[in-house]
Every structure is written in C-alpha cells, then in structure tokens.
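Chemist: Under the UniProt record's numbering, think of the first position of the sequence shown as 1, with each following residue one higher. This is the structure I have questions about; it appears just below.
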Amino acid sequence: MKNLLEQIKNRLNELNKAERKVAEVILSDPQRATRYSIAALAQAAKVSEPTVNRFCRSFEVMGYPALKIQLAQSLASGAAYVSRAVEAGDSPEAYTRKIFGSTIASLDSACQAIDSQVIGQAVDLMIQARQIHFFGLGASASVALDAQHKFFRFNLPVTAHSDVLMQRMLASVAHTGDLFVAISYTGRTRELVEAATIARDNGASVLGLTAANSPLAKVCTLSLDIPLPEDTDIYMPMTSRIIQLTVLDALAAGVTLRRGVDFQPHLRKIKESLVPTRHPSEQN
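And the structure:
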C-alpha cells in the first residue's frame with residue numbers, strides 16, 4: 001500500500017482547487033505539516049478548516065489527527081523527499097539531499113510495488129535461455145550495457161544493443177530459446193516495441209523491464225513492471241535508472257542462487273582474473 005505522501009502527490013491534479021491548496025502546503029514541507037494544528041494548516045493553505053477535513057476524507061483518513069499520524073509514518077518510511085523537486089535557488093547541500101532522498105524513497109516504493117513472484121518467473125526465463133540480448137535506447141542503453149556486464153558471468157552468450165537497426169535484425173533471426181530483455185522506462189518507444197514484437201513472432205521469449213500496461217509490456221512474454229516515480233518527458237531520468245539497475249541486480253542474484261554452489265568456482269575464477277590488473281592496496 002502506498003504511503004500518504006505518495007498518494008497526495010499522485011492525486012494532486014484530481015483534487016479541487018481548495019483541497020489542492022492543502023496538498024501543496026503539505027508537499028512543500030511534510031515535516032512541518034506534521035506539527036501544524038488544523039487551524040494552522042488551514043491558514044497556511046488559505047482555506048477553511050472544513051476544507052481540511054474534506055481533504056482528509058478524500059484520502060479515506062478519519063480526521064486531521066489521523067492525517068498527521070499517517071504523514072509521520074510516511075516520513076519514517078523514507079518518503080521525506082518523495083515530492084521535493086530540485087529548485088533553481090537550491091544550494092549544493094539542498095539539491096544533493098533532495099536527489100539522495102528522492103532516490104531512496106523511490107527505491108523503497110519500487111521494492112514494495114514489485115511482485116516477487118514475477119521476479120522468480122523472470123529468473124526462470126533467464127535460467128532456461130540459450131542466449132540473452134539486452135535492448136535499451138536512450139538512458140536505458142547504459143542500463144542494458146550494465147546488464148551485459150553482469151550476466152556474461154553466467155557462462156552463456158549475452159549481448160547488449162542500443163542501435164535500433166541492430167535490434168531489429170537480431171529480432172528477425174530470433175529462435176525459440178533466445179531471450180530478449182527490453183528495457184524502457186515509459187514502454188512507449190515505438191522502435192523497441194516493434195523489435196520486441198518481431199522477436200516474439202519468431203518464437204523467442206521477451207522480458208520487459210518497463211511500465212505496467214505500456215505498449216511494450218503488452219507485447220512481452222513477461223513484464224516486470226517498474227513503477228514510474230518521475231516524469232522523464234520533462235526531467236532527465238535519474239531515479240528511474242537506479243530502479244532499473246537495482247531490479248537487474250535482483251535478477252542476477254536470483255540466477256546466481258539458482259545455479260547453486262557448484263557454480264561458485266566459475267564466478268571466483270572471473271573475479272580472480274582481475275587481481276593482476278590492480279595496484280596493491282596501501283596499508284596504513
């Protein structure tokens with residue numbers, strides 16, 4: 001269940017004019033809002049006290065005291081910066097704290113929203129694949145490359161591609177046993193949806209790391225729905241990329257565990273191959 005701050009942020013445009021004023025005061029400084037009396041909040045929002053009570057009922061909260069308790073719980077869960085965007089006048093300390101805070105809150109929210117059973121099903125697809133192709137465009141291209149870096153360790157052919165023509169050609173020669181992992185924050189990129197469709201039509205499995213009910217999710221064999229904590233049509237993607245990378249870490253951990261202890265020497269051999277490339281650590 002989403003915390004109250006997230007609910008207020010997500011429903012901001014649905015509220016009437018007066019209730020939206022209450023929401024904006026709360027979102028501007030949630031910590032201070034927990035210390036307001038109902039009269040103080042009404043005054044800060046320039047609305048009446050009955051409007052504050054109606055705002056509470058809009059979120060199925062039984063009165064203003066209960067609202068303050070739920071706000072405090074939201075803050076305690078790590079959502080303190082869920083709605084605080086970087087502003088033009090922010091100091092380095094302020095925007096750094098906001099970025100870290102919003103990322104932590106978004107990861108916590110994503111963790112609660114992602115279905116662990118679907119994670120298990122995605123691991124099954126990866127274990128069964130004879131080769132894996134990671135597809136990503138734009139900001140997701142670097143995520144696909146990171147996935148290649150992680151998954152090549154599992155002793156199967158793994159590639160990453162960010163060129164739409166190469167993606168389309170690979171999809172056109174796909175076979176049963178191939179797995180295509182399509183990574184897209186919005187799931188609306190036409191070329192990626194088309195490549196995923198071609199791969200499916202040729203018998204391959206397609207795993208989507210994308211938004212629920214998006215065009216991409218609808219053409220995938222399995223979609224690992226990624227929550228949408230930011231508007232990438234306006235801002236550069238930040239927390240979304242961290243969520244994608246973390247989900248891939250979870251999948252890699254799942255594959256490692258499924259391979260069992262007999263696979264550990266292989267992973268150790270790869271790790272030990274890097275020892276000669278490093279300067280010895282300095283001992284104080």
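Where a beta carbon is used, it is the ideal one built from N, C-alpha and C, also for glycine.
How many angstroms separate the CA atom of residue 198 from the CA atom of residue 126?
Modeler: Each residue's Cα considered, the two are about 19 Å apart.
Chemist: Comparing C-alpha positions only, which one of 182, 122, 118, 129 sits nearest to residue 142?
Modeler: The shortest Cα separation from residue 142 among 182, 122, 118, 129 belongs to 182.
Chemist: Could you work out which residue in 209, 133, 187, 265 is closest to residue 175 when comparing CA atoms only?
Modeler: Minimum Cα distance to residue 175 is reached at 133.
Chemist: Determine the direct distance from the alpha carbon of residue 145 to that of residue 29, and round the result to whole angstroms.
Modeler: Approximately 38 Å between the Cα atoms of the pair.
Chemist: Could you give the uninterrupted runs of the alpha helix (DSSP H) lying entirely in the stretch 89 to 139, keeping only those of 4 residues or more?
Modeler: DSSP runs (the alpha helix (DSSP H)) wholly in the stretch 89 to 139: 92 to 113, 116 to 128.
Chemist: Please state the DSSP three-state secondary structure of residue 181.
Modeler: Looking at residue 181 - three-state DSSP - the assignment turns out to be strand.
Chemist: With a CB to CB cut of under 6 Å and the five nearest residues on each side skipped, what residues in its chain are close to residue 49?
Modeler: Here the set comprises 38, 42.
Chemist: Does residue 274 come out as helix, strand or coil in the three-state DSSP assignment?
Modeler: Residue 274 falls in the coil class under three-state DSSP.
Chemist: Determine the burial state of residue 52: buried for a count of at least 16 other Cβ atoms within 10 Å of its Cβ, exposed for fewer.
Modeler: So residue 52 counts as buried.
Chemist: For residue 161, does the three-state DSSP call read helix, strand or coil?
Modeler: Here residue 161 sits in strand by DSSP.
Chemist: At the level of alpha carbons, what is the spacing between residue 22 and residue 108?
Modeler: Their Cα atoms are separated by approximately 26 Å.
Chemist: Would you give the residue range spanned by the beta strand (DSSP E) that residue 210 belongs to?
Modeler: Looking at the DSSP string, the run of the beta strand (DSSP E) that includes residue 210 is 205 to 210.
Chemist: Among 68, 164, 131, 96, which has the Cα closest to the Cα of residue 207?
Modeler: Cα-wise, what sits closest to residue 207 is 131.
Chemist: Can you tell me where the alpha helix (DSSP H) with residue 225 in it begins and where it stops?
Modeler: That residue, residue 225, is in no alpha helix (DSSP H); its beta strand (DSSP E) goes 222 to 225.
Chemist: Could you tell me the distance, in whole angstroms, from the CA atom of residue 194 to the CA atom of residue 209?
Modeler: Taking the straight line joining both Cα atoms gives about 15 Å.
Chemist: Are the C-beta atoms of residue 239 and some chain D residue less than 9 Å apart?
Modeler: Among the chains of the structure shown, chain D does not appear; only one protein chain is present.
Chemist: For residue 177, which of 255, 188, 258, 157 has the nearest alpha-carbon?
Modeler: Nearest C-alpha to residue 177: 157.
Chemist: For residue 138, which option in 253, 19, 240 has the closest C-alpha, if you only look at C-alpha atoms?
Modeler: Checking every option, the nearest Cα to that of residue 138 belongs to 240.
Chemist: Does the distance from the CB of residue 255 to the CB of residue 154 come in under 9 Å?
Modeler: Cβ distance < 9 Å, so residue 255 and residue 154 count as in contact.
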